[in-house]
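Heads up: the sequence shown at position 587 corresponds to 587 in our numbering, and the numbers run straight through without jumps.
Before any comments, here is the structure.
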Amino acid sequence: MLSTNRFLLLILFFLSGEILLYSQEKGVNRDKYRINISRTWEAIKIDGVLDEKSWQVSEVAENFIRVTPVDTGFAIAKTTVVITCDKSNIYVGAVCYDPLPGKRPVESLRRDFEFGKNDNFRIHIDTYNNQTNGFAFGVSAAGAQCDGVINDGNQSSFTWDIKWKSAVKSYNDRWVAEMAIPFRSLRYFGGEKEWGVNFGRLDLKTNEKSAWAPVPRQFPHNSLPHAGTLIWDKPPDKAGLRLSVIPYATATVIKNTEAGESAKWRWNAGFDTKMILSTSMNLDLTVNPDYSQVEEDRQQTNLDRFELFYPERRQFFLENSDLFANLGSSHARPFFSRRIGLNVPVDFGGRLTGRIGNKWRIGMMDMQTGSKVENRSGNYAVAVLQREIFSRSSIVGFLVNKQITESYDDTAFTGYRYNRVAGLEYNYATADNRWQGKTFYHQSFYPGAGMNAASVSGNINYSSQYLKAGIHQSWIGSDYIAEAGYIRRTGFYEITPSVSYLFYPSGSKRVISHGPGASFNAIFDPEFSITDRETRLSYSIGWQNKSLLSFSIEEQFVKLSRAFDPTNTEGEKLDTGEQFQWKSAQVGFTSDARKLFNYILNASIGGFYNGNRWNINGSMNYRVQPYGSIGMTMNYNNISLPEPYNSAKLILVGPTMDITFTDKIFLTTFVQYNNQIDNLNMNIRFQWRFAPVSDLFIVYTGNSCTENFVNKNRGLVVKLSYWFN
1 MLSTNRFLLL ILFFLSGEIL LYSQEKGVNR DKYRINISRT WEAIKIDGVL DEKSWQVSEV
61 AENFIRVTPV DTGFAIAKTT VVITCDKSNI YVGAVCYDPL PGKRPVESLR RDFEFGKNDN
121 FRIHIDTYNN QTNGFAFGVS AAGAQCDGVI NDGNQSSFTW DIKWKSAVKS YNDRWVAEMA
181 IPFRSLRYFG GEKEWGVNFG RLDLKTNEKS AWAPVPRQFP HNSLPHAGTL IWDKPPDKAG
241 LRLSVIPYAT ATVIKNTEAG ESAKWRWNAG FDTKMILSTS MNLDLTVNPD YSQVEEDRQQ
301 TNLDRFELFY PERRQFFLEN SDLFANLGSS HARPFFSRRI GLNVPVDFGG RLTGRIGNKW
361 RIGMMDMQTG SKVENRSGNY AVAVLQREIF SRSSIVGFLV NKQITESYDD TAFTGYRYNR
421 VAGLEYNYAT ADNRWQGKTF YHQSFYPGAG MNAASVSGNI NYSSQYLKAG IHQSWIGSDY
481 IAEAGYIRRT GFYEITPSVS YLFYPSGSKR VISHGPGASF NAIFDPEFSI TDRETRLSYS
541 IGWQNKSLLS FSIEEQFVKL SRAFDPTNTE GEKLDTGEQF QWKSAQVGFT SDARKLFNYI
601 LNASIGGFYN GNRWNINGSM NYRVQPYGSI GMTMNYNNIS LPEPYNSAKL ILVGPTMDIT
661 FTDKIFLTTF VQYNNQIDNL NMNIRFQWRF APVSDLFIVY TGNSCTENFV NKNRGLVVKL
721 SYWFN
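Here you go:
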């Protein structure tokens, strides 16, 4: 295996050397699309009416370029933007004209609304001028806000919330947005004369997405490499220490009927603290945090041989998390924050993130958990140091440590007292974002670690409006353990090439694109014998109205590394070492999301291990704009296996209801019926945002059996939090 490792490392370093030959330069639009921002001494009233004199003398951004459905020509839905500032805020004013009559599509009044289902305007700011990290602020045509951070050039996370102001005024032929974004809420270097900036507009009636600085249609219009330049007449000053404290209190009642327990009451309190140490460095602290208001995980039908992945939903771990969450790859993460407090309470913790100089980023997190039953208290720490090189690439070094802090008897303890993972990573991206890649080497340390306690991976991807191609390969050693991470499997080598091509017919008024795709995935054991293989051929057709039809056929081969029941219903298991090969076909359709009723539907049929399976899954949604939506997700699997193995009809149904009474009062309800795990889950969450980033939550959760609907357990939580600046 060691010779295989060296061979793989040579391939990875060769790829790294080759991609360095491509030139890297500053963003493609920075010199051509430039707008000046001047300081105003006039008080700006945020009311959606651009009647202050400052707006009349500000430079105008106009002549937006289409991004989709085509990325050429000026937008039909015209937009003009003006921008100014004072010592405390950046002010943005946008006039969004309607070329077509009719009601403007808006799904709801919820904060951080879904981009593709609402007419909206956004500003994307690259404060560090590195074309990689930035901020996004937007408003829908109904006045709902969204705010988030941008990582990796075009990946937005809208779990980040700050205090800022906006207002929208509607007219028959246009709607006007006005924003005030506080400097204190941004991270930047004081004294910089230029920032990256772009303005984006989505008009659903014309089915048109547009941007001030043009963005190729294969990229989202928050793509920082394609942003223009914001030129300051007087650069923003550095800011001193700023402090926010967010205390909370909860009251909880839980009744576990399944365990024969009576109702139990519990009171709790804690707080989060946000310290802005400078305009480029911040410290977050939490004491006795509570996550009772976090939405329940959306259940999945489990037909996999390995652990399913559920995303992190707790806001403390999501804010500014790209330094930690982007380590490794999707199937080999050395750090996964959901491991923290999974079965035990979190006592306290802190996180330091920010920049040291122009090229260095730092991220440090330390969390202490308590103990519960057989789960001992422990400490989770991660430190990341990133050095930016060229225009958009970086080198990252990190260390993750999980340490049991509770005293225990070594003879009775079956786990590891500590588990550590250290690694180096190289992230590559060209200035135009067409080429992206990553290579890394990770090493784990724990008592008795073997020779193969390492993970190596590399990938390179190319993306244009016509061609997308890439190759990913990785080796995960059989002794590699990352207890604070997410590792699907160990002891294998994997290679996955893929390619797709799109044609854009010039004479069609309905079809916008169509084209084939192909992917291949092969997994080998330590002796380099194949254990898994999947070959997939596909064809997709996209329409001007954004509906999409796709077809695919697959061939799969599996050699079981352990005994496995394909239905995961505790039936007779297939034996270790058995080999299976089957074929299947799939079809999927995504409807026009602009319509009040829209849906996604997928179906497949074919073999499945030693039997057959057909599946239908999808989702549907009906908007009652702007007050919310009613939806349904479903997944039905009909698995037929020969005796003595279990056959099964697995049903997962999840109706949802999302009501926004106002832009500050929300009610979310969803039910999950899952007969694979015999559970009917109901979650009802009421939220009142009575002040900026300050909330009252009332959350009910209940679980019952699917056959007789007998209650297993239920709970009610009331949580109150307030943001003190």
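Using N, Cα and C, we set each Cβ at its ideal position, and we do this for glycine too.
C-beta contact flag for residue i and residue j at 8 Å
i      : j      : result
Asp290 : Asp272 : no
Arg201 : Val70  : no
Ser170 : Gly628 : no
Asp575 : Phe557 : no
Ser166 : Ile46  : yes
Phe137 : Ile150 : no
Lys38  : Ser58  : The question names Lys, but residue 38 in the sequence shown is Ser. In this structure, Ser58 lies closer than 8 Å to Ser38 by Cβ.
Cys146 : Arg111 : yes
Gly606 : Lys583 : yes
Ala518 : Ser498 : yes
Ser455 : His472 : no
Tyr609 : Phe580 : yes
Pro334 : Leu342 : no
Lys712 : Trp688 : no
Cys96  : Thr79  : yes
Same chain, Cβ closer than 6 Å to residue i, neighbours up to 5 away in sequence not counted
i      : result
Ser140 : Val106, Phe113, Asn118, Asn120
Asn461 : Gln436, Gly470
Arg104 : Asp119, Ala141
Ala383 : Met364, Leu399
Met281 : Gly354
Ile698 : Phe686, Val718
Ala180 : Ile46, Asn89, Tyr91, Lys165
Through-space distance from residue j to residue i, alpha-carbon basis
i      : j      : result
Leu323 : Phe317 : 11 Å
Phe135 : Ala94  : 18 Å
Gly515 : Pro236 : 48 Å
Ile553 : Glu483 : 37 Å
Ala563 : Ser407 : 36 Å
Gly477 : Gly450 : 9 Å
Asp98  : Thr567 : 52 Å
Glu261 : Thr252 : 15 Å
Val81  : Trp175 : 12 Å
Ile651 : Gly423 : 42 Å
Ile90  : Ile246 : 25 Å
Lys274 : Phe724 : 10 Å
Asn602 : Gly618 : 6 Å
Ala213 : Val287 : 44 Å
Gln24  : Asn433 : Here Gln24 scores only 40 on pLDDT, less than 50, and its place in the model is too uncertain to base an answer on.
Val344 : Val373 : 9 Å
Ala381 : Phe440 : 20 Å
Val294 : Thr430 : 37 Å
Ile487 : Tyr33  : 44 Å
Glu494 : Leu537 : 19 Å
Asn637 : Ser513 : 32 Å
Ile231 : Ala144 : 29 Å
Ile600 : Ile630 : 14 Å
Leu21  : Ala332 : Because the pLDDT of Leu21 is 38, which lies under 50, any placement of that residue in the model is unreliable, and the question is left without a value.
Asn29  : Thr132 : 15 Å
Gly715 : Gly270 : 20 Å
Arg417 : Phe445 : 11 Å
Bridge partners - residue i, DSSP secondary structure assignment
i      : result
Ile682 : It is worth fixing the name first, because residue 682 is Met in this sequence and not Ile. For Met682, which the question treats as bridged, DSSP gives the partners Val671, Gly702.
Tyr291 : According to DSSP, Tyr291 bridges with nothing at all.
Ala522 : Ile495, Arg533
Pro505 : Answer is none; Pro505 lacks a bridge partner.
Pro516 : Tyr539
Gly138 : Arg122, Cys146
Lys209 : Thr68, Leu202
Cβ neighbours of residue i in the same chain (closer than 7 Å, five flanking residues each side left out)
i      : result
Gly116 : Ala593
Val710 : Ser704
Asn598 : Ser591, Asp592, Asn621
Val346 : Pro289, Ile340, Met367, Thr369
Ser394 : Gln386, Arg387, Glu388, Asn427
Cβ neighbours of residue i in the same chain (closer than 8 Å, five flanking residues each side left out)
i      : result
Gln211 : Note that residue 211 is Ala in the sequence shown, not Gln. Excluding residues within five positions, the ones whose Cβ falls inside 8 Å are Phe64, Ile65, Val67, Asn198, Phe199, Gly200, Arg201, His221, His226.
Lys359 : Arg387, Glu388, Ile389
Asp730 : It is not possible to answer for residue 730, since the shown part of the chain is limited to 1 through 725.
Residue-level contact to chain B via CB, residue i, 8 Å cutoff
i      : result
Ile600 : No chain B is part of this structure, which consists of one protein chain only.
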